[in-house]
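Here the structure is laid out as structure tokens; the discussion comes afterwards.
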Amino acid sequence: MEPQFDLVIRGGTVATAADIFSCDIGIAGAKVVALARDLPRGTDEIDATGLLVLPGGIDSHVHLDQYQGEGIVMADGFETGSRSAAAGGNTCIVPYALQRKGQSLREAVADYHVKAAGNSLLDYGFHLIISDPTPAVLGQELPALIADGYTSVKIFMTYDDLVLKDREILEVLSIARQYGAMVMIHAEGYDQIKFMTDKLEQAGKTAPYYHAASRPQLVEREATHRAIAHAELVDVPVMIVHVSGGEAMEQIEWARSKGIRVYAETCPQYLVLTADHLKGLNMDHAGTKYVCSPPPRDRASQEAIWRGIVNGTFQTFSSDHCPFRYEDTAGKSNPKSKTSFRWVPNGIPGVAARMPILFSEGVTKGRISLQRFVELTSTNHAKLFGMYPAKGTIAIGSDADITLWDPSRKVTMTQSLMHHGSDYTPYEGMEVRGWPVTTILRGKVIFDEGVALVERGFGQFLTRDAAGRI
Ligand code: DUC
Ligand code: ZN
Ligand code: ZN
Numbered sequence: 208m209e210p211q212f213d214l215v216i217r218g219g220t221v222a223t224a225a226d227i228f229s230c231d232i233g234i235a236g237a238k239v240v241a242l243a244r245d246l247p248r249g250t251d252e253i254d255a256t257g258l259l260v261l262p263g264g265i266d267s268h269v270h271l272d273q274y275q276g277e278g279i280v281m282a283d284g285f286e287t288g289s290r291s292a293a294a295g296g297n298t299c300i301v302p303y304a305l306q307r308k309g310q311s312l313r314e315a316v317a318d319y320h321v322k323a324a325g326n327s328l329l330d331y332g333f334h335l336i337i338s339d340p341t342p343a344v345l346g347q348e349l350p351a352l353i354a355d356g357y358t359s360v361k362i363f364m365t366y367d368d369l370v371l372k373d374r375e376i377l378e379v380l381s382i383a384r385q386y387g388a389m390v391m392i393h394a395e396g397y398d399q400i401k402f403m404t405d406k407l408e409q410a411g412k413t414a415p416y417y418h419a420a421s422r423p424q425l426v427e428r429e430a431t432h433r434a435i436a437h438a439e440l441v442d443v444p445v446m447i448v449h450v451s452g453g454e455a456m457e458q459i460e461w462a463r464s465k466g467i468r469v470y471a472e473t474c475p476q477y478l479v480l481t482a483d484h485l486k487g488l489n490m491d492h493a494g495t496k497y498v499c500s501p502p503p504r505d506r507a508s509q510e511a512i513w514r515g516i517v518n519g520t521f522q523t524f525s526s527d528h529c530p531f532r533y534e535d536t537a538g539k540s541n542p543k544s545k546t547s548f549r550w551v552p553n554g555i556p557g558v559a560a561r562m563p564i565l566f567s568e569g570v571t572k573g574r575i576s577l578q579r580f581v582e583l584t585s586t587n588h589a590k591l592f593g594m595y596p597a598k599g600t601i602a603i604g605s606d607a608d609i610t611l612w613d614p615s616r617k618v619t620m621t622q623s624l625m626h627h628g629s630d631y632t633p634y635e636g637m638e639v640r641g642w643p644v645t646t647i648l649r650g651k652v653i654f655d656e657g658v659a660l661v662e663r664g665f666g667q668f669l670t671r672d673a674a675g676r677i
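Each residue of the sequence shown is one higher than the last, beginning at 208 in my numbering.
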């Protein structure tokens, strides 16, 4: 008789956001079809004894092959970026499709489909970055794209090429409310950053370290407050992304106490890096390896972020993978970046390091439960971005997107384990305990013990439901 299951994962400890239990998992085709002890043999078998069996990681904040300005090239496209994500225990990523000023939003989406098609190892969707909310974008393109399953957008309160005026933010929020999209907001204020940057440069303070000084926490706090006020006025939920410290958190917590629906994301760099990393071991330019926005802060901020991870202020933990090469004139070492921090491309790689860092610092060190880890790294991403329950859990009928995790493996993180296109990792030398050993997407082992087992193109584009609530 033909086996009933194509794959049985046997003997592991299954953890979802809700539960921890011991059972086998029966997979037929791409789906989980049985959860029970002592399942009959499948065509293939994986012995997961001693391993955790987790929903595949979902990283809802990664940048791949994204336009960054003349002469700058992102270090990962969809192939290397998704491979790095798979190495880090992820099965699904949501990068950005960026609209350039003057460009139609549809055209931007089409461009990013071309970049991704046939390249991604992982399933993927796109958030829409709106930089030019013209009447045509707001009136036709955005509503149509949301209806087509692009149910989230990102908007910026800073950067010359991306910043929206307050009135434009309100208009985008209003469309999101009408059609059920989630708006992710980069909350740092344009004018304050410009003012500080000019003053620092005039004082000759141009080294990478001054990137952090040019956008102190109050810049993030002010913009977070303003973003929340806009959301309150329009009466629509928003997500404040890459929250870096206690000051923005206080705004978010205050808003929640008033019943305003604000979601919040944080990232590994705000747990394990500080602004001192931008000093680059006294080799000035090496500090550019850590330049990202918002910048990493200080120990007190790290503690504040932990508080938010533990107490529920944060719903998602994402990498904000935004990779550039260091030894590259199209990356961190572009000629202008030597003249001032102003020109250093903002972003660091982290899609492979995200889950190991949170597991090790959070679960292994006893700060958070395994269920909370699953919620922060997978389930809540699926819920908020319209992919649940196909993604983000282990349940009968869900996609068999599963990460086998060795909770006791000790690993020293190093560049070669990241499988990304950057020539460095900001987490070089960091010791972690707990590591993803096998990544399974729709029932197929795609990455095992450091080796990719599928070709590029295995990943499928996901149209997503309307933004969810948690
Ligand atoms: N914002 C991001 O979300 N990623 C990298 C740079 C930035 O400003
Ligand atoms: Zn951002
Ligand atoms: Zn980002």
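C-beta atoms are modelled at their ideal positions from N, C-alpha and C, and glycine is treated no differently. The structure displayed is predicted, hence computed values, not measured ones.
Output yes or no for whether 8 Å exceeds the beta carbon distance between Glu375 and Pro415.
Counting from 1 along the sequence shown, the entry for residue 375 is found at position 168. Counting from 1 along the sequence shown, the entry for residue 415 is found at position 208. Cβ atoms of Glu375 and Pro415: not closer than 8 Å.
Using a Cβ-based criterion (distance less than 7 Å to any ligand heavy atom), does His432 qualify as near ligand 1?
In the sequence shown, counting from the first residue as 1, residue 432 sits at position 225. No, the beta carbon of His432 sits no closer than 7 Å to any heavy atom of ligand 1.
Proximity winner among Arg244, Lys572, Pro262, relative to Lys598 (alpha-carbon distances):
If you number the sequence shown from 1, residue 598 lands on position 391. Comparing Cα-Cα distances from Lys598 to each of Arg244, Lys572, Pro262, the minimum goes to Pro262.
Here's the rule I'm using: 16 or more other beta-carbon atoms within 10 Å means buried, otherwise exposed. How should Gly346 be labelled?
Residue numbering aside, residue 346 sits at position 139 when the sequence shown is read from its first letter. Burial call: exposed.
Can you name, in chain order, every residue of its own chain whose Cβ lies under 7 Å from the Cβ of Ala607, other than the five neighbours on each side?
Walking along the sequence shown from the start, residue 607 turns up at place 400. Within the same chain, Ala607 has close Cβ partners Ile234, Ala237, Lys238, Val239, Ile647, Arg649, Gly650.
So what does DSSP say about His492, is it helix, strand or coil?
One-based indexing of the sequence shown puts residue 492 at position 285. In the structure shown, His492 sits in a helix (DSSP, three-state: H, G or I).
Compute the minimum distance between the beta carbon of Cys529 and the heavy atoms of ligand 3, and state whether it is under 7 Å.
Here residue 529 corresponds to residue number 322 of the sequence shown, with the count starting at 1. Within the cutoff, so yes.
Cβ atoms of Ile516 and Val469: under 8 Å apart, would you say?
As a first step, residue 469 must be located in the sequence shown, where it is residue number 262. As a first step, residue 516 must be located in the sequence shown, where it is residue number 309. Not closer than 8 Å, so no.
Look at the Cβ atom of Thr610, then the Cβ atom of Gly296, and state whether they are nearer than 8 Å.
The residue labelled residue 610 in the question sits at position 403 within the sequence shown. The residue labelled residue 296 in the question sits at position 89 within the sequence shown. Yes, these two residues count as a Cβ contact at 8 Å.
Among Thr413, Ala317, Thr473, which one has its Cα closest to the Cα of Lys543?
Within the sequence shown, the letter at position 336 stands for residue 543. When only C-alpha atoms are compared, the closest one is Thr413.
Stretch-stretch touch, CB-based, cutoff 8 Å, three pairs: the region 376-384 with the region 404-411
no
Unbroken beta strand (DSSP E) runs of length 3 or more, entirely within the region 464-493: which are they?
469-473
Which two residues bound the contiguous beta strand (DSSP E) that contains Glu252?
As a position in the sequence shown, residue 252 is number 45, starting the count at 1. Start and end: 251-254.
Please tell me whether Asp251 and Arg217 are closer than 8 Å, where the distance is taken between their beta carbons.
The count along the sequence shown starts at 1 and reaches residue 251 at position 44. The count along the sequence shown starts at 1 and reaches residue 217 at position 10. Not in contact: Asp251 and Arg217 (Cβ atoms no closer than 8 Å).
If we require 3 or more residues per run, which beta strand (DSSP E) segments fall completely within the region 328-352?
334-336
Which residues mark the beginning and the end of the alpha helix (DSSP H) in which Arg649 is found?
Counting from one through the sequence shown, the residue named residue 649 turns up at place 442. Segment: none, Arg649 is in no alpha helix (DSSP H) and carries neither H nor E.
Assuming Asp587 is part of the alpha helix (DSSP H), what are its boundary residues?
Residue 587 sits at position 380 when you count from the first residue of the sequence shown. In the sequence as presented, Asp is not what sits at residue 587; that position holds Asn. Note, Asn587: alpha helix (DSSP H), 587-591.
Quick check: Arg430 and Glu395, are their CB atoms within less than 8 Å of each other?
Along the sequence shown, one-based indexing puts residue 430 at 223. Along the sequence shown, one-based indexing puts residue 395 at 188. The sequence shown places Ala at residue 430, not Arg. Yes.
Cα separation between Thr621 and Pro643?
Reading the sequence shown from its first residue, position 414 is the one you call residue 621. Reading the sequence shown from its first residue, position 436 is the one you call residue 643. Roughly 15 Å separates the two Cα atoms.
Measuring alpha carbon to alpha carbon, tell me which residue in Ser267, Glu439, Ser421, Ser229 is nearest Asn553.
Within the sequence shown, the letter at position 346 stands for residue 553. The candidate whose alpha carbon is nearest that of Asn553 is Ser421.
Just checking, does the region 563-577 make contact with the region 274-287 on the three C-beta pairs under 8 Å criterion?
no
Could you round the C-beta distance between Gly557 and Ser508 to whole angstroms and report it? I think they count as a contact, below 8 Å.
On the sequence shown, residue 557 is found 350 positions in, with the first residue counted as 1. On the sequence shown, residue 508 is found 301 positions in, with the first residue counted as 1. Contact doesn't hold; Cβ gap of about 17 Å is too wide.
Round the Cβ separation of Ser540 and Ser267 to the nearest angstrom and send it over; I've been treating them as touching at under 8 Å.
Taking the sequence shown and counting its residues from 1, the one referred to as residue 540 is at position 333. Taking the sequence shown and counting its residues from 1, the one referred to as residue 267 is at position 60. That pair is no contact at about 30 Å.
Classify Phe654 as helix, strand or coil using the three-state DSSP reduction.
For the purposes of this step, residue 654 is identified with residue 447 of the sequence shown, where counting begins at 1. DSSP places Phe654 in strand when its eight states are reduced to three.
Ignore the nearest five residues each way along the sequence and tell me which others in Lys486's own chain have a CB closer than 7 Å to its CB.
Here residue 486 refers to the residue found at position 279 of the sequence shown. Tyr416, Gly494, listed in sequence order.
Where do the N-terminal and C-terminal ends of the beta strand (DSSP E) with Met391 fall, by residue?
Position 184 of the sequence shown, counting from 1, holds the residue named residue 391. First-last of the beta strand (DSSP E) with Met391: 389-393.
Counting along the chain, where does the beta strand (DSSP E) carrying Pro262 start and finish?
On the sequence shown, residue 262 is found 55 positions in, with the first residue counted as 1. Start and end: 259-262.
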